[in-house]
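Residue numbers (this note's numbering), protein chains in the order written: chain U, 70 to 333; chain S, 6 to 357.
First the structure, in the form of structure tokens, and then the observations on it.
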Amino acid sequence: MTAAPDPWRAWLDGWQRLAEAAAAPNPLAAGLASPPGPDPASFAAGYGAFAEALARVGERATQSGGGPLEQTIARELAVLREKFSSVPFGAAGFTPPSASAALESALRAPALGPFGPSQALLQDLARAMTSWQAAAEQQAQRLARAAGEALVAYGDRLRALLARGEQPFGVRQALDVWVECGEDAYARLCADDDYPAIQARALNAAVAAVAAWRAVSDTQQRLLGLPTRAEVEALEARVQAVEKPAATTRPRAPQRKRRSARRR
Amino acid sequence: MSATGVSATASELALLSQRLAQAARELAQLSPVKVGGTPREPVWSDGKRSLWRYGPAGKGSRRPPLLIVYALVNRPYMLDLQPDRSLIAALVAAGHSVYLLDWGTPDRADRALSLADYVLRFLDECIARVRAASGARAVDLLGVCQGGTLALCYSALKPKQVRRLALMVTPVDFHTRDNLLARFVRDIDIDLLVRTYGNVPGELLNATFLALRPLRLSVQKYLSLADLAGDREALANFLRMEQWIFDSPDQAGTAFREFVQWFYQQNRLVEGTLVIGGRPVDLKSVTCPVLNVYALQDHLVPPSASLPLAGLVGSRQYRTWAFDGGHIGIYVSARAQRQLPATLSGWLRESL
Chain U
70 MTAAPDPWRA WLDGWQRLAE AAAAPNPLAA GLASPPGPDP ASFAAGYGAF AEALARVGER
130 ATQSGGGPLE QTIARELAVL REKFSSVPFG AAGFTPPSAS AALESALRAP ALGPFGPSQA
190 LLQDLARAMT SWQAAAEQQA QRLARAAGEA LVAYGDRLRA LLARGEQPFG VRQALDVWVE
250 CGEDAYARLC ADDDYPAIQA RALNAAVAAV AAWRAVSDTQ QRLLGLPTRA EVEALEARVQ
310 AVEKPAATTR PRAPQRKRRS ARRR
Chain S
6 MSATGVSATA SELALLSQRL AQAARELAQL SPVKVGGTPR EPVWSDGKRS LWRYGPAGKG
66 SRRPPLLIVY ALVNRPYMLD LQPDRSLIAA LVAAGHSVYL LDWGTPDRAD RALSLADYVL
126 RFLDECIARV RAASGARAVD LLGVCQGGTL ALCYSALKPK QVRRLALMVT PVDFHTRDNL
186 LARFVRDIDI DLLVRTYGNV PGELLNATFL ALRPLRLSVQ KYLSLADLAG DREALANFLR
246 MEQWIFDSPD QAGTAFREFV QWFYQQNRLV EGTLVIGGRP VDLKSVTCPV LNVYALQDHL
306 VPPSASLPLA GLVGSRQYRT WAFDGGHIGI YVSARAQRQL PATLSGWLRE SL
């Protein structure tokens with residue numbers, strides 16, 4: 070007689086499949102020393118941990134025949150929370166490239182000689198990237214903590230259902246409850262006095278990195294004989310200067326004559 | 006667990022996957038969808054901004070023309086999304102002569118456009134055009150979301166031009182505790198952002214809006230597609246909404262900086278320190294009848310951000326109306342289609 074597969078196992082398999090997809094090599098990142106987009110390895114690690122722990126919940130439940138399932142869930146979610154707290158997610162899933170020791174050394178070097186100005190720009194860019202990384206990591210830590218709280222809340226909801234002797238629920242309901250727990254935890258995070266400032270700091274640092282990159286890019290544009298940003302902006306200002314007087318000299322909509330004027 | 010339960014769970018998971026895949030296939034066949042549909046005529050355009058008239062020409066009509074002022078951050082076709090979800094169509098059907106100001110898409114040459122340009126130049130131009138087209142001495146304004154804030158400022162600066170002012174989900178007090186969007190932007194370095202980007206990318210705004218409810222708006226919404234599989238009409242509705250949500254024009258840098266700094270960060274409208282085009286914006290100057298419509302579950306403009314208007318305007322005929330829904334639902338939900346046009350139209354008739 071074949072043992073019936075555990076229902077937990079069934080829907081956890083879905084998570085497992087997603088984890089496998091997330092773990093697949095990112096062809097766009099192949100060959101790049103510092104992939105510019107999301108870090109596939111980190112993402113896969115986090116996702117893998119999630120799926121692995123949930124899969125173990127299912128396995129234990131199968132082995133125990135559904136008896137001490139509540140304790141199993143609680144234990145595994147605690148493990149999961151621990152794992153998640155160390156996953157290096159970046160801001161909005163974006164992990165900027167790390168600054169190596171060599172880079173730190175380069176940043177301390179004085180920008181001298183004929184290429185000094187270019188070196189100074191590159192150093193500015195590197196510093197901006199480093200600041201961005203630090204700010205993004207700070208935000209990621211807070212998000213990871215919230216994710217852990219969401220998992221615990223999710224476990225509590227499951228245990229409450231099981232304690233009442235109810236079936237966990239269907240797949241859609243399970244996902245909806247997960248979203249609900251996640252949003253609740255995120256809302257609590259956002260309600261913290263300091264989180265909006267942390268998020269703003271990460272965005273400001275990202276924008277500063279873009280600004281530094283543009284400064285580097287402008288130098289390259291100039292050397293290649295292409296229009297720089299400053300030149301394009303000067304042209305834009307001229308277009309605006311032409312458009313504004315055109316608007317003010319445009320015929321206005323006719324106004325109604327005053328009754329008193331008509332009388333005269 | 007019983008074998009029946011196991012089978013049911015496995016079946017549900019398989020069905021969910023199948024329906025999501027089916028919905029994805031059907032969505033691909035549907036794209037692109039058509040939006041709008043209510044007949045309209047161009048009244049004026051400067052090549053970027055446009056003024057449209059819906060319904061019959063208003064000249065000779067006993068009802069004053071109604072000019073809709075939409076937000077800068079999204080497209081106004083949300084108000085005429087499709088025939089059965091159209092505030093504009095419903096207002097036209099109720100006999101109103103409706104005009105719509107479409108702010109267009111700022112390009113890089115518009116980087117230096119200021120709020121004074123938007124309020125005292127473009128909006129003022131449109132009001133003059135509406136008056137000329139309709140023969141009316143003053144117009145009714147319907148300001149929506151950020152467009153409501155702009156319409157409110159205009160009404161304070163040029164009160165004689167505005168006969169009545171209706172506002173929908175309009176932020177006024179930007180420093181209330183439950184305004185998450187305001188909390189998010191409070192510490193953002195807007196000067197750096199605008200200096201770096203010039204015009205602020207629409208994608209950045211979309212990411213900010215999604216960050217208000219990331220799992221609901223980025224995960225749950227797409228899972229709900231499983232419920233729509235096989236229903237082409239419902240999928241087309243979904244696609245129209247999806248198109249609108251992410252069809253966000255870039256924001257003219259200077260105007261964006263002024264709006265965020267003056268309203269979100271410094272709350273000047275409430276503090277009484279707002280100056281546009283060198284002229285102080287005194288809300289006590291707004292003495293025309295005002296209808297303030299807000300949504301009880303609005304996550305972008307919570308009621309607490311709209312309701313303080315009562316104590317700020319000089320109008321003696323001030324009314325509020327609460328819609329039981331959210332910021333998006335007030336445009337497109339079935340309840341909104343039933344209630345909102347009737348409320349607006351009723352108020353416009355009553356307060357004549």
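Note that the Cβ used here is the ideal one computed from N, Cα and C, for glycine as well.
In this text, all values refer to a predicted model and were calculated from it rather than measured experimentally.
Exercise. Kindly indicate which three-state DSSP category S/Ala-143 falls into: helix, strand or coil?
Key: Counted from its first residue, the second sequence places residue 143 of chain S at position 138. If DSSP states are grouped into helix, strand and coil, S/Ala-143 belongs with coil.
Quiz item: Would a check of beta-carbon distances place U/Tyr-223 closer than 9 Å to chain S?
Solution: Within the first sequence, residue 223 of chain U is the residue found at index 154, counting from 1. U/Tyr-223 does not count as touching chain S.
Exercise. Consult DSSP for S/Tyr-82 and reduce its assignment to one of helix, strand or coil.
Key: Counting from 1 along the second sequence, the entry for residue 82 of chain S is found at position 77. If DSSP states are grouped into helix, strand and coil, S/Tyr-82 belongs with the helices.
Quiz item: From U/Asp-263 to S/Ser-253, what distance separates their C-alpha atoms?
Solution: Here residue 263 of chain U is taken as the residue at index 194 of the first sequence, counted from 1. Here residue 253 of chain S is taken as the residue at index 248 of the second sequence, counted from 1. Roughly 29 Å separates the two Cα atoms.
Quiz item: Going along the chain, which residues of the region 199-217 of chain U sit with their C-beta nearer than 7 Å to a C-beta in chain S?
Solution: Residues passing the 7 Å Cβ filter: none.
Exercise. Can you give me, in chain order, the residues of the region 219-247 of chain S that have a beta carbon less than 7 Å from any beta carbon in chain U?
Key: Against chain U - using a Cβ distance shorter than 7 Å - the residues of the region 219-247 of chain S are Pro-219, Leu-220, Arg-221, Val-224, Gln-225, Leu-228.
Exercise. Rounded to whole angstroms, what's the CA-CA distance from U/Glu-300 to S/Thr-43? Just pull it up for me.
Key: Locating residue 300 of chain U in the first sequence gives position 231, where the first residue counts as 1. Locating residue 43 of chain S in the second sequence gives position 38, where the first residue counts as 1. C-alpha separation (whole angstroms): 44 Å.
Quiz item: Taking the C-alpha atoms as reference points, what is the distance between S/Leu-296 and U/Arg-291?
Solution: On the second sequence, position 291 is the one that residue 296 of chain S refers to. On the first sequence, position 222 is the one that residue 291 of chain U refers to. Cα to Cα, the separation comes out at about 55 Å.
Practice problem: Since I believe S/Leu-35 is in contact with S/Leu-240 (beta carbons under 8 Å), could you give me their beta-carbon distance rounded to a whole number of angstroms? | Solution: Walking along the second sequence from the start, residue 240 of chain S turns up at place 235. Walking along the second sequence from the start, residue 35 of chain S turns up at place 30. Taking a contact as a CB-CB distance under 8 Å, the pair S/Leu-240 and S/Leu-35 counts as one, their CB atoms being some 6 Å apart.
Quiz item: Going by C-alpha distance, which of U/Val-285, U/Glu-252, U/Trp-201, U/Leu-212 is nearest U/Gln-188?
Solution: Here residue 188 of chain U is taken as the residue at index 119 of the first sequence, counted from 1. The shortest C-alpha to C-alpha distance from U/Gln-188 to any of U/Val-285, U/Glu-252, U/Trp-201, U/Leu-212 is the one to U/Val-285.
Quiz item: Mapping DSSP to helix, strand and coil, what is S/Lys-226?
Solution: As a first step, residue 226 of chain S must be located in the second sequence, where it is residue number 221. Of the three classes helix, strand and coil, the one that applies to S/Lys-226 here is helix, per DSSP.
Quiz prompt | Alpha-carbon spacing of S/Gly-2 relative to S/Arg-218, whole angstroms | solution = Nothing can be reported for residue 2 of chain S, as the shown portion of chain S is limited to 6 through 357.
Quiz item: Counting contacts by CB-CB distance shorter than 9 Å, is S/Arg-168 in contact with chain C?
Solution: Absent from the structure is chain C; the protein chains it does hold are U and S.
Practice problem: Mind listing, in chain order, the continuous beta strand (DSSP E) runs of no fewer than 3 residues lying wholly within the region 200-287 of chain U? | Solution: Those beta strand (DSSP E) runs which fall completely within the region 200-287 of chain U and span 3+ residues do not exist here.
Quiz prompt | Secondary structure of S/Leu-56, DSSP reduced to three states | solution = As a working mapping, residue 56 of chain S is identified with position 51 in the second sequence. Looking at S/Leu-56 - three-state DSSP - the assignment turns out to be strand.
Self-check item: Test: U/Asp-287 CB closer than 9 Å to a CB of chain S
Solution: Here residue 287 of chain U refers to the residue found at position 218 when the first sequence is read from its first residue. At least 9 Å separates the CB of U/Asp-287 from every CB of chain S.
Self-check item: Nearest-angstrom Cβ-Cβ length linking S/Ala-260 and S/Leu-118, presumed shorter than 8 Å
Solution: Working through the second sequence from its first residue, we reach residue 260 of chain S at position 255. Working through the second sequence from its first residue, we reach residue 118 of chain S at position 113. Rounded, the Cβ-Cβ distance is 5 Å, consistent with contact.
Exercise. Please report the Cβ distance between S/Asp-129 and S/Asn-204, rounded to the nearest whole angstrom; I am assuming they are in contact, meaning their Cβ atoms lie under 8 Å.
Key: Start at 1 with the first residue of the second sequence, and residue 129 of chain S comes out as number 124. Start at 1 with the first residue of the second sequence, and residue 204 of chain S comes out as number 199. Wrong, their Cβ atoms sit about 23 Å apart, outside the cutoff.
Quiz item: Taking only beta-carbon atoms, is U/Leu-176 less than 9 Å away from chain S?
Solution: Position 107 of the first sequence, counted from the start, is the residue given in the question as residue 176 of chain U. Chain S contact via Cβ: absent.
Self-check item: Cβ of U/Pro-265 within 9 Å of any chain S Cβ
Solution: Here the question's residue 265 of chain U lines up with position 196 in the first sequence. Closer than 9 Å: yes.
Quiz item: Looking only at DSSP bridge pairs, what is S/Gln-87 linked to?
Solution: Position 82 of the second sequence holds residue 87 of chain S. Here S/Gln-87 is bridged, per DSSP, to S/Arg-90.
Exercise. Would you kindly work out how many angstroms separate the C-alpha atoms of S/Lys-163 and S/Gln-87, rounded to a whole number?
Key: Indexing the second sequence from 1 puts residue 163 of chain S at position 158. Indexing the second sequence from 1 puts residue 87 of chain S at position 82. Note on geometry: alpha-carbon atoms of S/Lys-163 and S/Gln-87 lie some 34 Å from one another.
Quiz item: Taking DSSP as the reference, what is the three-state secondary structure of S/Arg-245?
Solution: The residue labelled residue 245 of chain S in the question sits at position 240 within the second sequence. Reduced to three states, the DSSP call for S/Arg-245 is helix.
Quiz item: What is the DSSP secondary structure of S/Gln-256, counted as helix, strand or coil?
Solution: On the second sequence, residue 256 of chain S is found 251 positions in, with the first residue counted as 1. DSSP, reduced to helix, strand and coil, places S/Gln-256 within a strand of the structure shown.
Quiz item: Exposed or buried, S/Arg-80, counting other C-beta atoms within 10 Å across all chains shown (16 or more means buried)?
Solution: Working through the second sequence from its first residue, we reach residue 80 of chain S at position 75. Answer is buried; the Cβ neighbour count reaches 16.
Self-check item: Pair within 9 Å by beta-carbon distance, S/Ile-132 and S/Leu-72
Solution: On the second sequence, residue 132 of chain S is found 127 positions in, with the first residue counted as 1. On the second sequence, residue 72 of chain S is found 67 positions in, with the first residue counted as 1. In this structure, S/Ile-132 lies near S/Leu-72, with their beta-carbon atoms less than 9 Å apart.
Quiz item: Since S/Leu-105 is in the alpha helix (DSSP H), which residue starts that stretch and which ends it?
Solution: Walking along the second sequence from the start, residue 105 of chain S turns up at place 100. Judged by DSSP secondary structure, S/Leu-105 falls outside any alpha helix (DSSP H) and instead within the beta strand (DSSP E) spanning 103-107.
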